[in-house]
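Residue numbers (my numbering): 579 to 915. This report refers to the structure that appears directly beneath it.
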Amino acid sequence: MSISPPVDITALLAGRKQAVAYALNLLEDRRPEVASQVQRLAAWLSQNARPGRHVIGITGPPGVGKSSMISRLVEYFRKHQKTIGIISIDPSSPKSGGALLGDRIRIRHRPDDDGVFIRSLAAGGHLGGLSANIGHLLLLLEAVYDITILETVGVGQSETDIAHAVDTVISVIHPGSGDMLQFMKSGIMEIPHILVINKADCGEAAARSFYDLKNAMIYMATDKDDWQPIVILTSASQNKGFDTLATALDQHLSWLTAHDIAKRRRWQLWQSLLAFFKAEYGRFGSRLLGGERQILKILEQSDASTPDEGMRCLYDQVTAAMRRKMNMVEDKHIGDS
């Protein structure tokens with residue numbers, strides 16, 4: 579089966595790097611002449627997501643060791659016959675607009691292994707660290723790989739944004755650097771599902787951070803039916819703690835599956851589309867459609883399954899609302915004259 583322009587679905591689902599890269603490039607292409615092809619591919623991908631897939635978001639400040647941790651996770655998952663697709667969101671170059679750091683260079687893997695694919699992506703000026711077309715790219719990786727990892731630049735509202743894009747959020751924290759106090763004060767402790775104190779080889783500082791967070795989690799415990807965040811110590815340099823981290827990831831996926839993961843993923847799609855709509859149309863567009871609650875209601879009623887379908891629905895609604903507003907202004911002008 580193929581989609582025009584030729585995307586070899588057999589090669590794509592087998593994880594052939596050239597096919598995956600070609601499809602990603604197509605999904606990133608904003609030219610009007612390929613829009614219908616992008617829509618057809620996105621629609622096909624949304625109907626062919628891999629059963630049992632797990633989308634993991636990893637966020638944390640620069641230098642905390644996210645890339646080293648991902649390298650160890652890749653090693654672990656490949657040992658257990660899992661395939662992995664990784665999108666690493668880098669800061670944008672002020673000159674080219676492209677990815678500045680090229681985080682995929684720092685993530686260790688075998689280049690000839692079709693079970694691992696890594697793409698560095700520029701943040702594109704989005705404060706939350708996620709580019710506007712991330713939904714399309716995740717659709718692709720979810721159809722091809724068992725595990726999808728989304729790594730963000732760890733600035734701005736990345737924790738909030740990533741929660742609207744993934745199943746499980748991991749926040750990586752550097753022990754003894756002041757991150758701990760800031761993290762506890764920031765009001766985002768309810769977002770991560772797993773908290774990782776990386777660089778456990780720091781000794782006493784790591785142990786102190788671990789127990790501080792564990793105690794904070796006890797005081798912040800919510801309803802017993804809710805997911806209770808897990809705190810884990812890891813050391814990428816010593817390859818310690820990753821069995822425990824993988825077990826925690828499995829536990830959270832099992833919990834999600836038991837609590838209607840499909841409904842959660844639909845809600846995430848609508849939230850990400852709402853954020854994109856607000857970025858494109860601002861408060862004026864939101865007011866035209868009756869505010870955020872009404873926009874979410876429109877998306878729910880549309881039953882959109884891809885970002886394109888959802889944005890097309892909102893675009894049609896805002897265009898119709900603008901026409902009505904213009905007609906009202908014209909009618910008033912005629913009445914006054």
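Backbone N, C-alpha and C define an ideal beta-carbon position, used for all residues, glycine too.
- DSSP, reduced to helix, strand and coil, places GLY819 outside both helices and strands of the structure shown, so it counts as coil.
- According to DSSP, residue pairing for GLY663 in a beta bridge involves PHE695, THR726.
- For GLY635, the secondary structure class from DSSP, reduced to helix, strand or coil, is strand.
- Runs of the beta strand (DSSP E) lying entirely within the region 603 to 657, each at least 3 residues long, are 632 to 637 in chain order.
- Nearest C-alpha to ALA824 among GLN615, LEU811, THR835: LEU811.
- Between PRO629 and the set THR637, THR726, LEU619, ASN711, the nearest pair of CA atoms involves THR726.
- Taken atom to atom, the span from the alpha-carbon of LYS818 to that of LYS644 is near 15 Å.
- Secondary structure at VAL744: coil, using DSSP grouped into helix, strand and coil.
- The way I'd put it, the region 684 to 698 does touch the region 654 to 666; three or more beta-carbon pairs between them come closer than 8 Å.
- Annotated three-state conformation of SER883 is coil, per DSSP.
- Taking C-alpha positions only, PRO639 is separated from ILE751 by approximately 8 Å.
- Annotated three-state conformation of ASP828 is helix, per DSSP.
- Beta bridge pairing from DSSP links LEU874 with no other residue.
- Of the other Cβ atoms in all chains shown, 16 or more fall within 10 Å of the Cβ of ARG650; this residue is therefore buried.
- Taking C-alpha positions only, ILE648 is separated from LYS903 by approximately 51 Å.
- Annotated as proximal: GLY593 and TYR723, with beta-carbon spacing under 8 Å.
- For LEU773, the uninterrupted beta strand (DSSP E) segment begins and ends at 772 to 775.
- Residue pairing by DSSP places SER864 opposite no residue, since no beta bridge is assigned to it.
- Under the criterion of beta carbons closer than 8 Å, LEU866 and MET900 qualify as touching, at roughly 7 Å.
- Residue environment: ILE667 is assigned as buried (16 or more neighbouring CB atoms within 10 Å of its CB, all protein chains considered).
- Here the C-alpha atom of ILE876 lies approximately 8 Å from the C-alpha atom of LEU892.
- Here DSSP, grouped into helix, strand and coil, assigns ILE751 to strand.
- Its Cα nearest to that of ASP745, the residue ARG844 stands out among ALA814, ARG844, TYR600, THR822.
- Burial check for LYS777: the Cβ neighbour count within 10 Å reaches 16 or more, so the residue is buried.
- In terms of Cα proximity to GLN895, the closest of GLU908, GLU720, ILE873, THR661 is ILE873.
- The shortest C-alpha to C-alpha distance from ALA700 to any of LEU847, LEU715, VAL633 is the one to LEU715.
- In the three-state DSSP reduction, ILE810 falls in the strand class (E or B).
- Linking TRP622 to PRO770 through their CA atoms gives a straight-line distance of about 31 Å.
- Counting C-beta atoms within 10 angstroms of its own C-beta, ASN905 has fewer than 16 neighbours from the protein chains shown and is therefore classed as exposed.
- In the three-state scheme derived from DSSP, where H, G and I count as helix and E and B as strand, ALA899 is classed as helix.
- Here PRO610 is exposed: its Cβ has fewer than 16 other Cβ atoms, across all protein chains shown, within 10 Å.
- Assignment of ASP779 by DSSP, reduced to helix, strand and coil, places it in the helix class.
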